[in-house]
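So the protein sequences, as listed, match chains Y and S. For my numbering, add 73 to where a residue sits in the first sequence, where the first one is 1. For my numbering, add 73 to where a residue sits in the second sequence, where the first one is 1. Working notes, beginning with the structure itself.
Protein chains: 2
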Amino acid sequence: MSDEPTITTIARRAGVSIASVSRVLNGLPTRAETERRVMSVARELGYVPNSAARSLKSRRSNQIGFAMADIGNPVYLAMVREIQPMLKAAGYRLVLHSTNADAADEIDVLRGLGERYIDGLIMIPLRVTDGHLEMFAAARAPIVVIGSVPEGTPVDNVRVDSRAGVRLVVQHLHGLGRRRIGFVNGPLDTVPGAARSAAYAEALETLGLPYDRNLVEVGDFYRADGARAAARLLERVPDLDALLCANDLIALGALDVLRRAGRRVPEDVAVAGMDDTDLATIAWPPLTSVSLGSAERGRAAAELLLDRLDRDGRAPRTVTVEPRLVTRASTMGEETP
Amino acid sequence: MSDEPTITTIARRAGVSIASVSRVLNGLPTRAETERRVMSVARELGYVPNSAARSLKSRRSNQIGFAMADIGNPVYLAMVREIQPMLKAAGYRLVLHSTNADAADEIDVLRGLGERYIDGLIMIPLRVTDGHLEMFAAARAPIVVIGSVPEGTPVDNVRVDSRAGVRLVVQHLHGLGRRRIGFVNGPLDTVPGAARSAAYAEALETLGLPYDRNLVEVGDFYRADGARAAARLLERVPDLDALLCANDLIALGALDVLRRAGRRVPEDVAVAGMDDTDLATIAWPPLTSVSLGSAERGRAAAELLLDRLDRDGRAPRTVTVEPRLVTRASTMGEETP
DNA sequence: CACGTCTCTGAAAACGTTTACGGATGGAGG
DNA sequence: CCTCCATCCGTAAACGTTTTCAGAGACGTG
């Protein structure tokens, strides 16, 4: 027990060569007697193969990286919950990277691909910088990006038509007779922030509603920021009758603020979130939210990656997930359980 | 770009030996001119050291494992959120294992320690089998167990006095005048399930309340199971006036059921959870819950592990975290925001 | 009996690092 | 001019595997 047994220890004890030991351990055809001896010695010594040595030879680590901004956000969580079992079933381990949406941090992870401690990477960058693009191009292992990426970027890509998603909610709110539809967004320099901002304007236009910049407030994608932003918005536009939030977390913050302000949801203000996380059914009132298919996106990303690990060389593929509106009591009072 | 540059490539291009390259890259003293040449070639080639080779020599992987039942449970999530940045700051990566509370799966992870792909492991076993104990004893790398473990087990250990926690809530409910205090527990063959069961009985006895087995129902530690168990309990004991749930998730399920049954919380039934996760403040009404210091436990576990990685050889240590009751509207109506 | 064929095994190289050791060089001191 | 020491660097071994290649027997066939 003092020193870890290696293939060499076993070979000596069993009176065979290390090559034979390796063959037995890898299930290659071997004479029954040899196999028996090797196996028995290996078991007796409690032998476990050294993964570093194996990786060095085989050039595979059997690890996959997953990089997202913050493991605390239930969207990413939903993805991890899909991805982890799939990878595990395929014999891969999951290495988690929480980057705080910091570009330098993310580029560090990408550099990690070169260290070869992971065979592939699933990444959700909130901002895609030139640095990202360079690393994507130079990457020495497959990458799947969840979220939009410029045309022609040489990585597999899973995206969701968030524009359509925003349109769905805005139409829903409009259909309920709401005309002063506020919008609490996340940072505009993030990919989702920018997309949702454009989509909001576009949806209003389609419906013939005027775009009023006073109705828009920007915070960050967290509950506390959402609350603050919603409070600012409410103060500026007291006659708001609906609130679209770029995120379920933001929506939770908004609900807190509205409750404290004595506004009834949905009677006075209808509130909708995005992502349709578990939180939507926990919140009170239950939150109408656009599902952006987090679980589905996670699954698709894992599939794309595993596929490419199997046989590389194909052109990059893009999978697009359809958004789906899930209405609950925060917009449709009557549906309250 | 075709073939990954190695230390040998650099050596050739710079006209020095691989030893010199290694020295430069590791910051060992070298003549300025040599250093300049090596660095410039390395940069030009986009050299990145191969982690497998490095691990093989150095016998360290710079990875730490974290094994829990289900990444979806916010308790574990709170821990990961503490642990991940601490490990990262210390130069370690996090390898995530979701074991579905399956003993065989957990033992697999423990076996992984022998593969040396992780330098240490933080584990939260829901059940501690003989298999676990054997692996703990034979482990070739440091382990920190979060949760109780038999006296004398040779691992560092972070625990929480859940007995005291249960006592706190039961006293709180009793102090509010509740006398028919139901208990929805998780599986009794899990470490927390067993502990909470014993603690519930004990707390009742301390308060001079009779133990009525009709008041106890067992499900699993999830929302849906909690709902089902609470429904059974409610049907059996309609005059229940308080409900202690072994878990915030269970409590959410219970809230759903009570709402659907038309019981007011807390007027008719006071509800309390355990773990004090984020969900407690999202639920409606906000949930009274016993904090079992998830974040604190995560931090302590990471500290213990990093400490032991620094210098091994000390006796195993145990850190105990104090529970803390956080009262909210689900038991104290008047505090409703 | 010579030969070819087949099955099993061992020797050795290779993966990409780190590091112990000793050789070369140059300057200081006698 | 010789010796000594310090400084810098190259050679080679080692980490624990996998895999290629070829040798050794066994056996059947002509």
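From the three backbone atoms N, C-alpha and C, an ideal C-beta is built for every residue, glycine too.
Query raised in the report: What's the call for Ser-270 of chain S, buried or exposed, on a 16-neighbour Cβ count within 10 Å?
Result: Counting from 1 along the second sequence, the entry for residue 270 of chain S is found at position 197. The residue is buried, with at least 16 neighbouring Cβ atoms inside 10 Å.
Requested in this report: Compare the C-beta of Pro-311 of chain S against all C-beta atoms of chain Y and say whether one is closer than 8 Å.
Outcome: Locating residue 311 of chain S in the second sequence gives position 238, where the first residue counts as 1. Pro-311 of chain S does not count as touching chain Y.
Query raised in the report: Taking Cβ-Cβ distances below 8 Å as the criterion, which residues of the region 187-221 of chain Y are in contact with chain S?
Result: Residues passing the 8 Å Cβ filter: Gly-187, Glu-188, Arg-189, Tyr-190, Ala-211 and Arg-213.
**Report entry** Cross-chain neighbours of Arg-154 of chain S in chain Y, by beta carbon under 9 Å
**Finding:** For this step, residue 154 of chain S is matched to residue 81 along the second sequence. In chain order: Asp-143, Ile-144, Gly-145 and Ser-171.
Query raised in the report: What span of residues does the alpha helix (DSSP H) with Gly-406 of chain Y cover, start to end?
Result: Against the first sequence, residue 406 of chain Y aligns to sequence position 333. DSSP places Gly-406 of chain Y outside any alpha helix (DSSP H), giving it a letter other than H or E.
Requested in this report: With 9 Å as the C-beta to C-beta threshold (strictly closer), list the residues of the region 101-127 of chain Y near chain S in chain order.
Outcome: Those residues of the region 101-127 of chain Y that come within reach of chain S (Cβ to Cβ, closer than 9 Å) are Gly-119, Tyr-120, Val-121, Pro-122, Asn-123, Ser-124, Ala-125, Ala-126 and Arg-127.
Report task. Would you tell me roughly how many angstroms separate the C-alpha atoms of Leu-282 of chain Y and Arg-184 of chain Y, rounded to the nearest one? Result -> Start at 1 with the first residue of the first sequence, and residue 282 of chain Y comes out as number 209. Start at 1 with the first residue of the first sequence, and residue 184 of chain Y comes out as number 111. Leu-282 of chain Y and Arg-184 of chain Y have their alpha carbons spaced roughly 47 Å apart.
Query - Those residues which DSSP pairs with Met-112 of chain S across a bridge - result: As a position in the second sequence, residue 112 of chain S is number 39, starting the count at 1. Answer by DSSP bridge pairing: none, since Met-112 of chain S is not bridged.
Query - Cross-chain neighbours of Leu-331 of chain Y in chain S, by beta carbon under 8 Å - result: What you label residue 331 of chain Y is simply residue 258 of the first sequence in a count that begins at 1. Under the 8 Å cutoff, chain S gives no residues; its nearest Cβ is about 11 Å from Leu-331 of chain Y.
Query raised in the report: Going by Cα to Cα distance, which pick from Y:Arg-166, Y:Glu-77 and Y:Glu-207 is closest to Gly-193 of chain Y?
Result: Numbered from its first residue, the first sequence carries residue 193 of chain Y at position 120. Each of Y:Arg-166, Y:Glu-77 and Y:Glu-207 was checked against the Cα of Gly-193 of chain Y, and the nearest Cα belongs to Y:Arg-166.
Query raised in the report: Which chain S residues are close to Ile-355 of chain Y, counting only those with a beta carbon under 7 Å from its beta carbon?
Result: Sequence index remark: in the first sequence, residue 355 of chain Y carries index 282 (1-based). Within chain S, the residues Leu-325, Leu-352, Ile-355 and Ala-356 have their CB atoms less than 7 Å from the CB of Ile-355 of chain Y, given in chain order.
Requested in this report: Mark Ala-125 of chain S as exposed unless 16 or more other C-beta atoms lie within 10 angstroms of its C-beta, in which case mark it buried.
Outcome: Position 52 of the second sequence, counting from 1, holds the residue named residue 125 of chain S. Ala-125 of chain S counts as buried, since no fewer than 16 other beta carbons sit within 10 angstroms of its beta carbon.
Report task. Please say whether Ala-373 of chain S and Thr-361 of chain S have beta carbons closer to each other than 8 Å? Result -> As a working note, residue 361 of chain S is residue 288 in the second sequence. As a working note, residue 373 of chain S is residue 300 in the second sequence. No, Cβ-Cβ distance for Thr-361 of chain S and Ala-373 of chain S is not below 8 Å.
**Report entry** Segment contact flag, the region 86-94 of chain Y with the region 108-119 of chain Y, C-beta cutoff 8 Å, min 3 pairs
**Finding:** The region 86-94 of chain Y, when compared against the region 108-119 of chain Y, does touch it at the 8 Å Cβ threshold.
Report task. Give the secondary structure of Phe-256 of chain Y by DSSP, where H, G and I count as helix, E and B as strand, and everything else as coil. Result -> The residue labelled residue 256 of chain Y in the question sits at position 183 within the first sequence. Strand.
Requested in this report: Pull out every residue of the region 75-89 of chain S whose Cβ sits closer than 9 Å to any Cβ of chain Y, in chain order.
Outcome: So the list reads Glu-77, given in the order they occur along the chain.
Requested in this report: Might you give, ordered along the chain, the residues of its own chain that have their beta carbon closer than 6 Å to the beta carbon of Tyr-295 of chain S, omitting 5 neighbours on each side?
Outcome: Residue 295 of chain S sits at position 222 when you count from the first residue of the second sequence. The beta carbon of Tyr-295 of chain S lies closer than 6 Å to those of Leu-322 in the same chain, with the five residues before and after it left out.
Query raised in the report: Do the CB positions of Gly-406 of chain S and Glu-308 of chain S come within less than 8 Å of each other?
Result: On the second sequence, residue 406 of chain S is found 333 positions in, with the first residue counted as 1. On the second sequence, residue 308 of chain S is found 235 positions in, with the first residue counted as 1. No, these two residues do not count as a Cβ contact at 8 Å.
Query raised in the report: Between Y:Val-121, Y:Gly-100 and Y:Gln-157, which lies nearest to Ala-375 of chain Y when the distance is taken from Cα to Cα?
Result: In the first sequence, the residue the question calls residue 375 of chain Y occupies position 302. Comparing Cα positions, the closest option is Y:Gln-157.
Query raised in the report: From Ala-324 of chain S to Gly-299 of chain Y, what does the alpha carbon distance come to, in whole angstroms?
Result: Position 251 of the second sequence, counted from the start, is the residue given in the question as residue 324 of chain S. Position 226 of the first sequence, counted from the start, is the residue given in the question as residue 299 of chain Y. Approximately 26 Å between the Cα atoms of the pair.
Query raised in the report: If you count every other CB in all the chains shown that lies within 10 Å of the CB of Glu-278 of chain Y, and 16 or more means buried, which is it?
Result: Counting from 1 along the first sequence, the entry for residue 278 of chain Y is found at position 205. Exposed is the label assigned to Glu-278 of chain Y, since fewer than 16 other Cβ atoms lie within 10 Å of its Cβ.
**Report entry** Whether Leu-331 of chain S touches Gly-255 of chain S by CB criterion (8 Å)
**Finding:** Mapped onto the second sequence, residue 331 of chain S falls at position 258. Mapped onto the second sequence, residue 255 of chain S falls at position 182. No. Outside cutoff.
Query raised in the report: Going along chain S, which residues have a C-beta under 9 Å from Ser-134 of chain Y?
Result: Within the first sequence, residue 134 of chain Y is the residue found at index 61, counting from 1. For Ser-134 of chain Y, the neighbours in chain S by C-beta distance under 9 Å run, in chain order, Ser-124, Ala-125 and Tyr-190.
Query raised in the report: Considering only the beta carbon of each residue, do Ile-197 of chain Y and Gly-225 of chain Y sit closer than 8 Å?
Result: Translated into the one-based positions of the first sequence, residue 197 of chain Y becomes position 124. Translated into the one-based positions of the first sequence, residue 225 of chain Y becomes position 152. Remark: C-beta atoms of Ile-197 of chain Y and Gly-225 of chain Y do not approach each other more closely than 8 Å.
Query raised in the report: Start and end of the alpha helix (DSSP H) containing Phe-209 of chain S?
Result: Here residue 209 of chain S is taken as the residue at index 136 of the second sequence, counted from 1. For Phe-209 of chain S, the enclosing alpha helix (DSSP H) covers residues 203-211.
Report task. Give every residue of the same chain whose Cβ lies closer than 6 Å to the Cβ of Ala-315 of chain Y, excluding the five residues on either side of it in the sequence, and list them in chain order. Result -> Position 242 of the first sequence, counted from the start, is the residue given in the question as residue 315 of chain Y. Leu-246, Arg-251, Ile-254 and Ala-343.
Query raised in the report: In chain S, what lies closer than 8 Å to Val-97 of chain Y by C-beta?
Result: Position 24 of the first sequence, counted from the start, is the residue given in the question as residue 97 of chain Y. Using a Cβ-Cβ cut-off of 8 Å, Val-97 of chain Y is close to nothing in chain S; its nearest Cβ partner there is about 18 Å away.
Query raised in the report: Going along the chain, which unbroken runs of the alpha helix (DSSP H) with 4 or more residues stay wholly within the region 144-214 of chain Y?
Result: Scanning the region 144-214 of chain Y for uninterrupted alpha helix (DSSP H) segments of 4 residues or longer gives 147-162, 176-188 and 203-211, listed from N- to C-terminal end.
Query raised in the report: Do we get a CB-CB distance below 8 Å when we pair Leu-150 of chain S with the residues of chain Y?
Result: As a working mapping, residue 150 of chain S is identified with position 77 in the second sequence. It does; some Cβ of chain Y falls within 8 Å.
Requested in this report: Could you work out which residue in Y:Thr-354, Y:Gln-136, Y:Gly-187 and Y:Leu-150 is closest to Ala-162 of chain Y when comparing CA atoms only?
Outcome: In the first sequence, counting from the first residue as 1, residue 162 of chain Y sits at position 89. Ala-162 of chain Y has its Cα closest to that of Y:Gln-136, out of Y:Thr-354, Y:Gln-136, Y:Gly-187 and Y:Leu-150.
Query raised in the report: In the DSSP assignment, what residue or residues form a beta bridge with Ser-93 of chain S?
Result: The residue given as residue 93 of chain S occupies position 20 in the second sequence. The partner list for Ser-93 of chain S (beta bridge, DSSP) is empty, contrary to what the question assumes.
Query raised in the report: Beta carbon of Ile-191 of chain Y, beta carbon of Val-218 of chain Y: below 8 Å?
Result: Along the first sequence, read from residue 1 onward, the residue named residue 191 of chain Y stands at position 118. Along the first sequence, read from residue 1 onward, the residue named residue 218 of chain Y stands at position 145. Result no, Cβ atoms of Ile-191 of chain Y and Val-218 of chain Y do not sit closer than 8 Å.
Query raised in the report: Between Gln-244 of chain S and chain Y, is there a C-beta pair that is closer than 8 Å?
Result: Translated into the one-based positions of the second sequence, residue 244 of chain S becomes position 171. False, the Cβ-Cβ gap to chain Y never drops below 8 Å.
Query raised in the report: Are Met-208 of chain Y and Gly-371 of chain Y touching if we call contact CB-CB under 8 Å?
Result: One-based indexing of the first sequence puts residue 208 of chain Y at position 135. One-based indexing of the first sequence puts residue 371 of chain Y at position 298. Going by C-beta atoms, Met-208 of chain Y is not nearer than 8 Å to Gly-371 of chain Y.
**Report entry** Chain-ordered neighbours of Arg-166 of chain S on chain Y, where CB pairs are closer than 7 Å
**Finding:** Residue 166 of chain S sits at position 93 when you count from the first residue of the second sequence. Result: Val-168.
Query raised in the report: Out of Y:Val-222, Y:Leu-379 and Y:Asp-143, which has the shortest C-alpha to C-alpha gap to Ala-267 of chain Y?
Result: Translated into the one-based positions of the first sequence, residue 267 of chain Y becomes position 194. When each option's Cα is compared against that of Ala-267 of chain Y, the closest is Y:Val-222.
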